[in-house]
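See below for the structure under consideration.
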Amino acid sequence: MQRGGGGLVPGTSLGRGSHTVLAMRVAIIDYEAGNLTSVQRALAHLGVQAEVTADPARVVAADRVIFPGVGAAASCMASLRGKGLDGALKAAVAAGRPTLGICLGLQLLFEHSEEDGGVPCLGLLPGRVVRFQRDDPAIKIPHMGWNPTTLTDPVLGRGLDQPVLYYVHSYHVVPGPGVEVIATCDHGGEFCSGVRRDNLVAVQFHPEKSGATGLKLLANFLA
Amino acid sequence: MLTKRVIVCLDVRAGQVTKGVKFQGNIDLGDPVDFAARYDAQGADELVFYDITASAEKRGLFVDVVRRVAERIFIPFAVGGGIRSVENMREVLLAGAEKVSLNSPAVRDPALISAGARAFGSQCVVLGIDARRVDPTATIPSGYEVVIDGGRTPTGMDVVAWARQAEALGAGEICLNAIDTDGVRQGYELNITCRVAEAVRIPVIASGGGGRPEHLIDAVTKGKAEAALVASMVHYGDYTVADIKTAMAQSGVPIRH
Chain A
17 MQRGGGGLVP GTSLGRGSHT VLAMRVAIID YEAGNLTSVQ RALAHLGVQA EVTADPARVV
77 AADRVIFPGV GAAASCMASL RGKGLDGALK AAVAAGRPTL GICLGLQLLF EHSEEDGGVP
137 CLGLLPGRVV RFQRDDPAIK IPHMGWNPTT LTDPVLGRGL DQPVLYYVHS YHVVPGPGVE
197 VIATCDHGGE FCSGVRRDNL VAVQFHPEKS GATGLKLLAN FLA
Chain B
183 MLTKRVIVCL DVRAGQVTKG VKFQGNIDLG DPVDFAARYD AQGADELVFY DITASAEKRG
243 LFVDVVRRVA ERIFIPFAVG GGIRSVENMR EVLLAGAEKV SLNSPAVRDP ALISAGARAF
303 GSQCVVLGID ARRVDPTATI PSGYEVVIDG GRTPTGMDVV AWARQAEALG AGEICLNAID
363 TDGVRQGYEL NITCRVAEAV RIPVIASGGG GRPEHLIDAV TKGKAEAALV ASMVHYGDYT
423 VADIKTAMAQ SGVPIRH
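Chains as they are written, first to last, in our numbering: chain A, 17 to 239; chain B, 183 to 439.
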């Protein structure tokens, strides 16, 4: 695998001191889900000072939006709605801002999740979120660890061939019609681990925890 | 398919990496951030830092280590030792840890597992179990007893039963540490590792006894573990993580290159 360092990512022009990067406003949506700081630290390593914000106006005004998340669907949806961030996210996507969902930030984009006894989600994309159903007891749940991923998105996947990425989740998305599947992965059977619709792209794995490969993927999103 | 993980364990005392043998006697080895960066570069899939500092006033020093590691490496790492409350968990997760490992406090207060899972999600909560071999009894049918306080206190609990209970309470992963083989580098306790792995649906990490690459291969094949923890065998320079993973790949174990 590739090894980055010093804020520079091999194969991209992104790095500390790049004017285009410094001028870019990146908002990380703060809805009290875990691991917001991990995404922020990874971007800082790429030379981008992203803002973690719960202010809907700041989200709408950003050049790039990241919708991260580790946590439970019900409480995170309640937090998003309570802060008016659901509307801000929809506005940013509708305005054409490149937006990246990560993990729970992928799942909540869909219409409904089975988690927590059933949770209505944002409905930005058709489809639903279901728990892994695997008969083989050797297939452990949560799906936790590094898994080779077929990544076909020309933007996110630039310079990455069959990347091995870090996953941790017990639910996965089943996209409806009109959603482009850009990533697939196998865990006792193939599942969708990434989708795109126009400027909205979202992934189940954690680029911020996937070493140099993940940093490269984040740099691709920002480029 | 999901690759098997090699996890490097670093014991941290007063801000320094240290390594003990069978919980007795420790020697300081160096700066945790340097170790983390080195093992990341060697291809470690995950790291775990145990705070073995006894005194509360050194706690801040450990949280600072967590923060410095999180700024430098971008692979998952867990933190254990001295985590007794949801607030303790929040502190290290906010500092940048991916998971927390609960051990003795979870035995004394199993509700800590469910409270942590509710607050942060099951995937954040690793249950560490220290297992000691005993003669099987009616209450310990597996022949492995849960011990706490670094092996000093027997609990009368069966390891397999405790693993199942922890899973039901919301633990997302189990790190099974065999006290009898810890630090002696003669191989993992495959028997109990396999029995726990078959008893729960969540991933199990084999810990205690890794000394050669074959031991890790055994742990993830015969032991049915998803991951194996190493310490001495890489800290002293006998092997790099890359050496171990090359051997695993050659024997057909799926690993991340």
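Positions of the beta carbon are idealized from the N, C-alpha and C atoms, including for glycine.
Original post:
Using a C-beta cutoff of 9 angstroms, does C191 of chain B count as contacting chain A?
Top reply: By this cut-off, C191 of chain B is not an interface position.
**OP:** State the Cα-Cα distance for the pair V248 of chain B and L181 of chain A, rounded to the nearest angstrom.
**Re:** Each residue's Cα considered, the two are about 22 angstroms apart.
Subject >> Beta-carbon separation (whole angstroms), L234 of chain A vs R80 of chain A, contact threshold 8 angstroms >> reply: Contact flag wrong, Cβ pair sits at about 10 angstroms.
Subject >> In DSSP terms, what I356 of chain B is bridged to >> reply: Answer is B:L309 and B:V386, bridged to I356 of chain B.
**OP:** Could I get the ranges of all uninterrupted alpha helix (DSSP H) runs contained in the stretch 290-355 of chain B, with 4 residues as the minimum, in chain order?
**Re:** Qualifying alpha helix (DSSP H) stretches, in chain order: 293-302 and 341-351.
**OP:** Please confirm if I384 of chain B has its CB atom under 9 angstroms from at least one CB of chain A.
**Re:** Chain A, which has a Cβ nearer than 9 angstroms to the Cβ of I384 of chain B, makes this yes.
Original post:
Does any C-beta atom of chain B lie closer than 9 angstroms to the C-beta of L231 of chain A?
Top reply: Output row for L231 of chain A: interface = yes.
Original post:
Cα separation between G139 of chain A and H159 of chain A?
Top reply: G139 of chain A and H159 of chain A have their alpha carbons spaced roughly 25 angstroms apart.
**OP:** Classify H397 of chain B as buried or exposed, calling it buried when 16 or more other Cβ atoms lie within 10 Å of its own Cβ.
**Re:** Classification for H397 of chain B: buried.
Subject >> Cβ shell of H203 of chain A (< 6 angstroms), same chain only, five flanking positions each side left out >> reply: In the same chain as H203 of chain A, and ignoring 5 residues on each side of it, the C-beta atoms closer than 6 angstroms to its own belong to H159, in chain order.
Original post:
Do the CB positions of A70 of chain A and K99 of chain A come within less than 9 angstroms of each other?
Top reply: Yes, the Cβ-Cβ distance between A70 of chain A and K99 of chain A is below 9 angstroms.
**OP:** List the residues of chain A that T185 of chain B touches, going by C-beta distances under 8 angstroms, in chain order.
**Re:** What T185 of chain B touches in chain A: G161, W162, N163, P164 and V180.
Original post:
Roughly how many angstroms lie between the CA atoms of V195 of chain A and P84 of chain A, to the nearest whole one?
Top reply: Those two C-alpha atoms are separated by around 20 angstroms.
**OP:** Just confirm the distance between the C-beta atoms of V75 of chain A and A43 of chain A, as a whole number of angstroms; I'd bet it's less than 8 angstroms.
**Re:** Contact flag correct, Cβ pair sits at about 5 angstroms.
Subject >> For A381 of chain B and R213 of chain A, the rounded distance between their alpha carbons >> reply: Roughly 42 angstroms separates the two Cα atoms.
**OP:** Report the three-state DSSP secondary structure of G85 of chain A (helix, strand or coil).
**Re:** In the structure shown, G85 of chain A sits in coil (DSSP, three-state: anything other than H, G, I, E or B).
Subject >> Selected residue, minimal CA-CA separation from V145 of chain A, among A:D151, A:G103, A:L124 and A:R174 >> reply: For V145 of chain A, the closest C-alpha among the options A:D151, A:G103, A:L124 and A:R174 is that of A:L124.
**OP:** Please report the Cβ distance between H188 of chain A and F148 of chain A, rounded to the nearest whole angstrom; I am assuming they are in contact, meaning their Cβ atoms lie under 8 angstroms.
**Re:** Confirmed, about 6 angstroms.
Subject >> Under 8 angstroms (Cβ pairs) to chain A, residues found in the stretch 303-327 of chain B >> reply: Interface annotation for the stretch 303-327 of chain B against chain A: G303, S304, Q305 and C306, criterion Cβ-Cβ distance under 8 angstroms.
**OP:** Report the neighbours of H203 of chain A on chain B: residues whose CB is nearer than 8 angstroms to its CB, in chain order.
**Re:** In chain order: M183 and L184.
**OP:** Please report the residue range of the alpha helix (DSSP H) in which P214 of chain B lies.
**Re:** Per DSSP, P214 of chain B belongs to the alpha helix (DSSP H) from P214 to Q224.
**OP:** Determine the direct distance from the alpha carbon of H128 of chain A to that of S283 of chain B, and round the result to whole angstroms.
**Re:** For S283 of chain B and H128 of chain A, the distance between alpha carbons rounds to 32 angstroms.
**OP:** Grab the span of the beta strand (DSSP E) containing S209 of chain A for me, first residue to last.
**Re:** Bounds of the beta strand (DSSP E) holding S209 of chain A are E206 to R213.
Original post:
In terms of residue numbering, what span does the alpha helix (DSSP H) encompassing M271 of chain B cover?
Top reply: That run of the alpha helix (DSSP H) goes V268 to L276.
Original post:
Looking at the structure shown, is N236 of chain A part of a helix, part of a strand, or coil, going by DSSP?
Top reply: The answer is helix: DSSP assigns N236 of chain A an H, G or I state.
Original post:
Between H61 of chain A and chain B, is there a C-beta pair that is closer than 9 angstroms?
Top reply: Residue-level contact check: H61 of chain A touches chain B, since one or more beta carbons of chain B fall below 9 angstroms from its beta carbon.
**OP:** Determine, using beta-carbon pairs with one atom in the stretch 385-397 of chain B and one in the stretch 321-336 of chain B, whether at least three such pairs fall under 8 angstroms.
**Re:** Result no; under three Cβ-Cβ pairs closer than 8 angstroms.
Original post:
Who does V247 of chain B pair with in a DSSP beta bridge?
Top reply: DSSP lists no partner for V247 of chain B.
Subject >> chain B contact residues for R57 of chain A, given Cβ-Cβ distances below 7 angstroms >> reply: Correct list: A252, E253 and G278.
Original post:
In whole angstroms, what is the alpha-carbon distance linking A218 of chain A and Y47 of chain A?
Top reply: So the alpha carbons of these two residues sit roughly 17 angstroms apart.
**OP:** Answer yes or no: do I311 of chain B and W344 of chain B have a C-beta to C-beta separation smaller than 9 angstroms?
**Re:** In this structure, W344 of chain B lies closer than 9 angstroms to I311 of chain B by Cβ.
Original post:
By Cβ distance below 7 angstroms, which residues in the same chain neighbour S54 of chain A in space, the five residues on each side in sequence not counted?
Top reply: These residues qualify, in order along the chain: E224 and K225.
Original post:
Does the ligand NAP have a heavy atom nearer than 8 angstroms to the CB of G100 of chain A?
Top reply: No copy of the ligand NAP occurs in the structure displayed, which carries no ligand at all.
**OP:** Indicate the three-state DSSP secondary structure (helix, strand or coil) for V416 of chain B in the structure shown.
**Re:** V416 of chain B falls in the helix class under three-state DSSP.
**OP:** Examine the Cβ distances between the stretch 257-274 of chain B and the stretch 216-231 of chain B and report whether three or more of them are shorter than 8 angstroms.
**Re:** Touching, yes.
Original post:
Does DSSP classify C201 of chain A as helix, strand or coil?
Top reply: C201 of chain A falls in the strand class under three-state DSSP.
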